[in-house]
Amino acid sequence: MTETLIGNFPFVAAVVLMGIALYILIFRRNLLKIVMGITILSSSVNLFLVTLGYRAGGIAPIYTDAPEGPMVLPVVQALTLTNIVIAVATSALILSLVIRIYRHTGSLDSKKSRRMKG
290 MTETLIGNFP FVAAVVLMGI ALYILIFRRN LLKIVMGITI LSSSVNLFLV
340 TLGYRAGGIA PIYTDAPEGP MVLPVVQALT LTNIVIAVAT SALILSLVIR
390 IYRHTGSLDS KKSRRMKG
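In terms of the numbering used here, the sequence shown opens at residue 290 and continues consecutively.
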C-alpha cells in the first residue's frame with residue numbers, strides 16, 4: 290500500500306494542490322486569494338503534466354545518436370512550457386484587473402465588484 294502511494298506521490302501532490310486551489314476559488318471572496326487559487330491550479334496542472342511525461346531511467350530526447358533505453362516524452366514538456374507562459378500572461382492580466390477594481394471600489398471583496406457599475 291505505501292509503496293504504491295510513494296510511487297504515485299507526484300499524482301497525489303497534483304490532486305491535493307488542485308483540491309486546495311478549487312477550495313480557494315469556491316469559498317474565498319478576496320480577489321487576491323482568488324488569483325492565488327488560479328495560480329495554484331495552474332501549478333498543479335504543470336506538476337501533473339510533468340509527472341505524465343516522466344519515465345524511470347529515461348533519457349532526454351535531444352540526442353541524434355540516442356543510447357538504447359526509454360526516453361521521456363517531449364510533448365508534455367512542451368505543453369508544460371506553453372502552460373507556464375499562458376499562466377504568467379493570465380496572472381498579469383487578472384492582477385491588472387484586480388488593481389483597477391480596487392481603485393474603483395476601494396475593496397478587494399468580490400461581492401462589491403459584482404455590484405460595480407459603469
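Glycine included, each C-beta is placed from N, C-alpha and C at the ideal position. Predicted model only: the values in this text are computed from it and were never measured.
DSSP places Asn335 within a helical segment (H, G or I) once states are collapsed to three. In this structure, DSSP gives Ile351 a state outside helix and strand, which the three-state scheme calls coil. For Met307, the enclosing alpha helix (DSSP H) begins and ends at 298–316.
Nearest C-alpha to Phe300 among Gly395, Ser332, Leu382: Ser332.
Annotation for Ser396: no alpha helix (DSSP H) segment contains it, and DSSP assigns it neither H nor E. In terms of Cα proximity to Val305, the closest of Leu320, Val334, Phe316, Lys322 is Val334.
At the C-beta level, Ile388 and Ser402 stay beyond 8 Å of one another. Here the alpha carbons of Leu382 and Pro359 stand approximately 40 Å from one another. Note that the segment 363–379 touches the segment 332–351; at least 3 beta-carbon pairs, one per stretch, sit closer than 8 Å. The Cβ-Cβ distance between Lys400 and Arg318 falls below 8 Å.
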